[in-house]
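Colleague:
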Amino acid sequence: MSTRPTIAVISLLTGGMLAVLTPLATPPAAADQGDGPHGEAFQHDRKAGVKLTNSQITLSGSGIGGNGNGYQMPSPCWYEPNMTADQARDLKAREKKESVETGGDYRPDLDKFSSKLDEKGQWWGIAYNAGDPKGEACAAGRDPLVWVPEGGTPPGGITFEQLRELARAALTVPEPTIKLSPDAKSYVNLGTWVWLAGADQAPRSVTATLPGVMSATVTATPAENSMHIEAGTDDKRATVYEKGCGETGEPYVKGSAKGSDEDPPCGVRYLRSSIDQPNKVYTLTVTTTWDVVGNGQNLGGGAVDPFIYAPLAYAPIQVNAQRDVPVGEVQSVVQN
Numbered sequence: 362m363s364t365r366p367t368i369a370v371i372s373l374l375t376g377g378m379l380a381v382l383t384p385l386a387t388p389p390a391a392a393d394q395g396d397g398p399h400g401e402a403f404q405h406d407r408k409a410g411v412k413l414t415n416s417q418i419t420l421s422g423s424g425i426g427g428n429g430n431g432y433q434m435p436s437p438c439w440y441e442p443n444m445t446a447d448q449a450r451d452l453k454a455r456e457k458k459e460s461v462e463t464g465g466d467y468r469p470d471l472d473k474f475s476s477k478l479d480e481k482g483q484w485w486g487i488a489y490n491a492g493d494p495k496g497e498a499c500a501a502g503r504d505p506l507v508w509v510p511e512g513g514t515p516p517g518g519i520t521f522e523q524l525r526e527l528a529r530a531a532l533t534v535p536e537p538t539i540k541l542s543p544d545a546k547s548y549v550n551l552g553t554w555v556w557l558a559g560a561d562q563a564p565r566s567v568t569a570t571l572p573g574v575m576s577a578t579v580t581a582t583p584a585e586n587s588m589h590i591e592a593g594t595d596d597k598r599a600t601v602y603e604k605g606c607g608e609t610g611e612p613y614v615k616g617s618a619k620g621s622d623e624d625p626p627c628g629v630r631y632l633r634s635s636i637d638q639p640n641k642v643y644t645l646t647v648t649t650t651w652d653v654v655g656n657g658q659n660l661g662g663g664a665v666d667p668f669i670y671a672p673l674a675y676a677p678i679q680v681n682a683q684r685d686v687p688v689g690e691v692q693s694v695v696q697n
């Protein structure tokens, strides 16, 4: 008997909301190249895909750290506010000094950075999602730092839409485990109860924040009555019952209708043995659905007053779990 949970996404409803960024009220401290990410959500195989590099953005929330559906951002790199003119000039001077002392050949153009000391504005740095297979290449094709006059936004500057996409890429939902009664083996014409365990149905959310500028939150909520059962065969060999499934099914309690002619509130009744099926089992699939909505706000950096962005409905996340169900014939005993 095996359990094989999978997660799949349907499609994306796109939105066109952009944010005009203003300089931070208090510019972030300069980060030397090689510093670790300021926020990340783990990605490996099917796990959710955000690992921020050279970024001031932070990620938080209950939806970080589980199994995701491999959702990827349309654009995995962007510019964001990075350093003041003074910070950049000091950093490059220090890097040049260290390179000379160690015999390196790195010689940054200090005049380029010194020329901005009397101008109003700041340097924006390239940041990217290293959890995306296209993230590093995206960043490598752009200048590491660009000067942006006060109140401006460079081409490729971080937008609210990208921030929301980061939150969506980091969002995960619980993976359920299928429970059955009877558990190890079912029998022809015996009602088999089906429910889900280990899948907390509380809403899960991830918030991506660019400090002092804006934040975006993406929330997944279990869809009402979304549990769906596929028996692993056609209706000539099985009858499915979903009226009482809700979001996670109904656990069997001793003394319920098990073994009687009554139908389970959420489950399946197999009408034929599985002896002629591949591996002599039916593969039962249970699907649940999570509705996903993105929201956000401008945090009022600079001269811009705080305001709320209109919500965006993403495509729902479908979570699938599978379990092999052997079904035998009921043996009767005949006495002479």
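Here the working numbering runs 361 ahead of the position in the sequence shown, where the first position is 1.
Built from N, CA and C at the ideal position, the CB exists for glycine as well.
Along the chain, where does the beta strand (DSSP E) containing G655 start, and where does it finish?
Modeller: Y643 to N659
Colleague: Quick check on Q683: does DSSP put it in helix, strand or coil?
Modeller: strand
Colleague: So what does DSSP say about V691, is it helix, strand or coil?
Modeller: coil
Colleague: Using only CA atoms, which one of E462, T648 and K457 lies nearest to D472?
Modeller: K457
Colleague: Distance, Cα to Cα, G492 vs G573?
Modeller: Roughly 25 Å between the two C-alpha positions.
Colleague: Residues in the same chain with beta-carbon distance under 6 Å from S460, minus the five sequence neighbours each way, listed in chain order, please.
Modeller: Y467
Colleague: In chain order, what residues of the same chain have a beta carbon less than 6 Å from the beta carbon of A530, not counting five sequence neighbours either side?
Modeller: Same-chain partners within the cutoff: G410, V411, Y432 and M434.
Colleague: Tell me whether the beta-carbon of E526 lies closer than 8 Å to the beta-carbon of A488.
Modeller: no
Colleague: If you draw a straight line from the C-alpha of V680 to the C-alpha of V579, how long is it?
Modeller: 17 Å
Colleague: Looking at the secondary structure, which residues open and close the beta strand (DSSP E) in which L632 lies?
Modeller: Counting along the chain, L632 falls outside any beta strand (DSSP E), and DSSP gives it neither H nor E.
Colleague: Please specify which runs of the beta strand (DSSP E), each continuous and at least 3 residues long, are wholly inside the region 523-562, giving them in chain order.
Modeller: 538-542 and 552-558
Colleague: Beta strand (DSSP E) containing V567: first to last residue?
Modeller: For V567, the enclosing beta strand (DSSP E) has its first and last residue at R565 to L571.
Colleague: Return helix, strand or coil for S475, following the three-state DSSP convention.
Modeller: helix
Colleague: Per DSSP, M575 forms a beta bridge with which residues?
Modeller: L571 and N659
Colleague: Could you tell me the distance, in whole angstroms, from the CA atom of G502 to the CA atom of T648?
Modeller: Taking C-alpha positions only, G502 is separated from T648 by approximately 41 Å.
Colleague: Per DSSP, G518 is paired with what?
Modeller: Y440
Colleague: Starting from K453, follow the alpha helix (DSSP H) in both directions and report where the run begins and ends.
Modeller: A446 to E462
Colleague: At the level of alpha carbons, what is the spacing between A348 and V654?
Modeller: Residue 348 is absent from the model: the chain starts at 362 and stops at 697.
Colleague: DSSP state of G496, grouped into three classes?
Modeller: helix
Colleague: By Cβ distance, which residues of its chain are closer than 6 Å to W554, with the 5 residues on each side in sequence left out?
Modeller: S542, Y613, P625 and G628, listed in sequence order.
Colleague: Which residues does DSSP pair with Q483 in a beta bridge?
Modeller: V509
Colleague: How would you label L478, buried or exposed, when you count the other beta carbons within 10 angstroms and need 16 or more for buried?
Modeller: Exposed.
Colleague: Would you identify the three-state DSSP class for P677, choosing helix, strand or coil?
Modeller: strand
Colleague: Please confirm whether V509 and G482 have their CB atoms less than 8 Å apart.
Modeller: yes
Colleague: Can you tell me whether D685 is buried or exposed? The criterion is at least 16 other CB atoms within 10 Å of its CB, across all chains shown.
Modeller: Looking at its Cβ environment, which holds 16 or more other Cβ atoms inside 10 Å, D685 is buried.
Colleague: Where does the unbroken beta strand (DSSP E) through E603 begin, and where does it stop?
Modeller: Looking at the DSSP string, E603 is not in any beta strand (DSSP E), and its letter there is neither H nor E.
Colleague: Quick one: is N586 buried, meaning 16 or more other Cβ sit within 10 Å of its Cβ, or exposed?
Modeller: Burial check for N586: the Cβ neighbour count within 10 Å stays below 16, so the residue is exposed.
Colleague: Report all residues from its chain with a CB closer than 8 Å to the CB of G518; omit the five preceding and five following residues, and keep chain order.
Modeller: L382, W439, Y440, E441, W485 and V509
Colleague: Return the Cβ separation of G559 and T538 in integer angstroms, given the expectation that the two are a contact with Cβ distance under 8 Å.
Modeller: Rounded, the Cβ-Cβ distance is 5 Å, consistent with contact.
Colleague: Would E690 pass as a contact of V549 if the rule is Cβ separation under 8 Å?
Modeller: yes
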